[in-house]
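Undergrad: Encoded as structure tokens, here's the structure I'll be asking about.
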Amino acid sequence: LEGSKDGLVDLLAAENGGLGLMASNSHYGRPQNMLGFGRAVNMGDGWETARNPKRPPVFKVNAEGMMELPGFDWCILQLGTAGNPTELEIDTL
26 LEGSKDGLVD
36 LLAAENGGLG
46 LMASNSHYGR
56 PQNMLGFGRA
66 VNMGDGWETA
76 RNPKRPPVFK
86 VNAEGMMELP
96 GFDWCILQLG
106 TAGNPTELEI
116 DTL
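So, in structure tokens, the structure goes:
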């Protein structure tokens, strides 16, 4: 498995066997696209979902501090190998 300088291994990276199994919306791209190496060329190179026409201009936050979303997108990803995740990084840039 490919590791980084700090000894961590990206268990979800495609190069380590990670898979994008399914998603709520694959209109503009597959969830597998999120697992590739490096930065996407543009937004369309990743997992871009169709726009929700009912999306409010400002999201509300409930008493628990969670955003209240009128519908949401999701994906199921499979780790490339067994491991004990110690960190989780979600990069939305």
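Under this note's numbering, the first residue of the sequence shown carries the number 26, and numbering increases by one thereafter. We put the beta carbon where it would ideally sit given N, CA and C, even for glycine.
(1) Would you call residue 48 buried or exposed, if buried means 16 or more other Cβ atoms sit within 10 Å of its Cβ?
(2) To the nearest angstrom, how far is the alpha carbon of residue 98 from that of residue 45?
(3) So, are the CB atoms of residue 33 and residue 104 less than 8 angstroms apart?
(4) For residue 106, I'd like the list of residues in its chain whose CB is within less than 7 angstroms of its CB, leaving aside the five on either flank, ordered along the chain.
(5) Hey, quick one: how far does the beta strand (DSSP E) through residue 57 stretch, first residue to last?
TA: Short version:
(1) buried
(2) 14 angstroms
(3) no
(4) 26, 36, 41 and 42
(5) That residue, residue 57, is in no beta strand (DSSP E); it is neither H nor E in DSSP.
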